[in-house]
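Undergrad:
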Amino acid sequence: MVLLEGINDIGMATMETGTPIKSEIIISGYRNIIARAHARGIKIIGATLTPFQDAIYYSEEGETERQAVNDFIRNSGEFDGVIDFDAVVRDPSEPKRILPSFTEDNLHPNDTGYKAMADSIDLNLFR
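Mind the numbering: the sequence shown is residues 0 to 126 in my numbering, read in order.
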């Protein structure tokens, strides 16, 4: 199982309340999903949240929460593996945003972006 979840939670909360959802809430949800997957013998791979600067619901506070979630995904050791989609699609000159050739709306990857994401997956994670 690959878990890629949270950017809409961060962004939509910002649009609705003016404050992004806290990373601790997302991480708590991740821990619940990880425990449930492991209880059933399912390997779970964490995928980092992709950049969203210039998206309709971007905020610096939301970016801080995204970075905290990504730090958990990369470094907690709670996932059975990590796919770093953030590193794959981010613009090297502006790491808070998706590379312009990979998106049309600064939030969702386009076909080129999704291909780069797919090509980055180490299939050995699923063995």
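Built from N, CA and C at the ideal position, the CB exists for glycine as well.
1. Inspect the beta-carbon positions of Gly45 and Phe84 and report whether they are closer than 7 Å.
2. With a CB to CB cut of under 7 Å and the five nearest residues on each side skipped, what residues in its chain are close to Ser100?
3. Distance, Cα to Cα, Ile25 vs Gly5?
4. Determine the direct distance from the alpha carbon of Glu59 to that of Pro108, and round the result to whole angstroms.
5. Within the same chain, show all residues whose beta-carbon is closer than 7 Å to that of Met116, passing over the 5 residues directly before and after it, in chain order.
6. Any idea if Ala12 is buried or exposed, counting beta-carbon neighbours within 10 angstroms, 16 or more meaning buried?
7. Roughly how many whole angstroms lie between the Cα atoms of Met14 and Ile41?
8. State buried or exposed for Leu122, treating a residue as buried only when at least 16 other CB atoms are found within 10 Å of its CB.
9. When you compare the CB positions of Leu106 and Ala38, do they come within less than 7 Å of one another, or not?
10. Would you grab the beta carbon distance between Phe130 and Gly17 for me? Rounded to a whole angstrom, and I think it's under 8 Å.
11. The alpha helix (DSSP H) spanning Glu23 covers which residue range?
TA: So, to answer that:
1. no
2. Thr111
3. 7 Å
4. 21 Å
5. Phe84, Val87, Val88 and Pro108
6. buried
7. 35 Å
8. exposed
9. no
10. Beyond the ends of the chain as shown, which are 0 and 126, falls residue 130; an answer cannot be given.
11. Ser22 to Ala38
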